[in-house]
Amino acid sequence: HLGFTTKGTNPCGEVPLSPYDSCRLGSINLYPLVDDPFTPDARFNFQKLAKHARIAQRFMDDIVELEEEKVINIIAKINSDPEDTEIKRNELKTWERVLEVLRKGRRTGVGELGLGDALAALGIRFGTPEATKLAEEIQKCIAIHSYKESINLAKERGAFPIWNPDLESPNPFIRRVIVDNFDNKEYKEYVDSGRRNIANISIAPTGSLAILAQTTRSEEHTSELQSRQSI
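Written as structure tokens, this is what we have:
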């Protein structure tokens, strides 16, 4: 709708995208949010997660700003190239459409990594009902607080240009996140100010990021965590 009808996904398949939209992803490392890991007192700190989700959403909106700057530079470079306008036409049109969609929607993708390590640190076996329940609670916390921060960003910087509460009201996901979890003041702010981003969250493959964060599922690392989990 309004140019945001889903036509495909990004290469890894986790983000449904409209034409010319971008896949912007950022992940919260869950493992450091376990207090007293690998002890009988281990517990997941949802207060920290809520804070990190808000920081991550603000960071991801800054990423949109940086991407806009780079796309503008690409367009300027194409315009300055010596080739004839006809030769440059398709490339220029493509990047102009990318810039248009970026500005209209400001899509972000706050996600997570290190879930397996966090579960191990809590003494919870991956794939069990207890693990599934915790994963649901974690994702719910990220969703609620990333959307609350997107509303704060809209109050500061403006909503994404095509935001319309009437179009969103029937959306079951929006109802689960916003209608069911915001108090009256927060809901009024949402209606009055809108959101900064058309989409906020995404669960992406995080292999490279997990290696950097040292929460990868390598065979050696998995064996170490299983040994510690059994202590």
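If you count the sequence shown from 1, you need to add 19 to reach the working numbering.
Heads up, the beta-carbon is just placed ideally off N, CA and C, and yes, glycines get one too.
Only a predicted model underlies this, so the values are computations on that prediction, with no experimental measurement involved.
Identity of the residues DSSP links to residue i by a beta bridge
i: C45; result: Note on identity: in this sequence residue 45 is Gly, with Cys being the wrong assignment. For G45, which the question treats as bridged, DSSP gives the partners V129.
i: R62; result: D54
i: L36; result: G27
Separation of residue j from residue i, as counted between CA atoms
i: G45; j: G128; result: 6 angstroms
i: L21; j: W182; result: 10 angstroms
i: R122; j: A61; result: 43 angstroms
i: W114; j: E84; result: 16 angstroms
i: V251; j: D103; result: Outside the shown range of the chain, which is 20 to 250, sits residue 251, and nothing can be said about it.
i: N92; j: L118; result: 11 angstroms
i: Y166; j: F63; result: 21 angstroms
i: S237; j: S99; result: Per-residue confidence for S237 stands at a pLDDT of 46, beneath the threshold of 50, marking its modelled position as unreliable; the derived number appears in the next sentence. The straight-line gap from Cα to Cα measures roughly 47 angstroms.
i: V90; j: E105; result: 20 angstroms
i: I47; j: P101; result: 44 angstroms
i: T58; j: I143; result: 12 angstroms
i: S188; j: Y209; result: 12 angstroms
i: G135; j: N171; result: 32 angstroms
i: F78; j: I193; result: 22 angstroms
i: T24; j: D55; result: 45 angstroms
i: G27; j: Y39; result: 11 angstroms
i: L228; j: A95; result: 32 angstroms
i: R108; j: N29; result: 25 angstroms
i: Q76; j: G133; result: 18 angstroms
i: F65; j: G130; result: 15 angstroms
i: A178; j: I82; result: 16 angstroms
i: E87; j: L186; result: 26 angstroms
DSSP state of residue i mapped onto helix, strand, coil
i: P148; result: helix
i: L68; result: helix
i: I197; result: helix
i: P184; result: helix
i: I217; result: coil
i: Q251; result: It is not possible to answer for residue 251, since the shown part of the chain is limited to 20 through 250.
i: F192; result: helix
i: E239; result: In this predicted model, E239 has a pLDDT of only 49, less than 50, meaning its place in the structure is not dependable enough to derive any value.
i: D8; result: Shown here, the chain extends from 20 to 250; a query on residue 8 therefore has no answer.
i: I222; result: coil
i: L153; result: helix
i: L21; result: coil
i: A173; result: helix
Buried or exposed (CB count within 10 angstroms, at least 16 for buried), residue i
i: E239; result: Low confidence applies to E239: its pLDDT is 49, below 50, so where it sits in the model is not reliable enough to give any reading.
i: L141; result: buried
i: R176; result: exposed
i: N219; result: buried
i: E155; result: exposed
i: I230; result: exposed
i: G226; result: exposed
i: N216; result: buried
i: G146; result: exposed
Segment limits, alpha helix (DSSP H) that includes residue i
i: V117; result: T104 to G124
i: K4; result: Summary: the structure shown does not reach residue 4, with the chain confined to residues 20 through 250, and so no result is reported for it.
i: L138; result: L134 to L141
i: D211; result: N203 to S212
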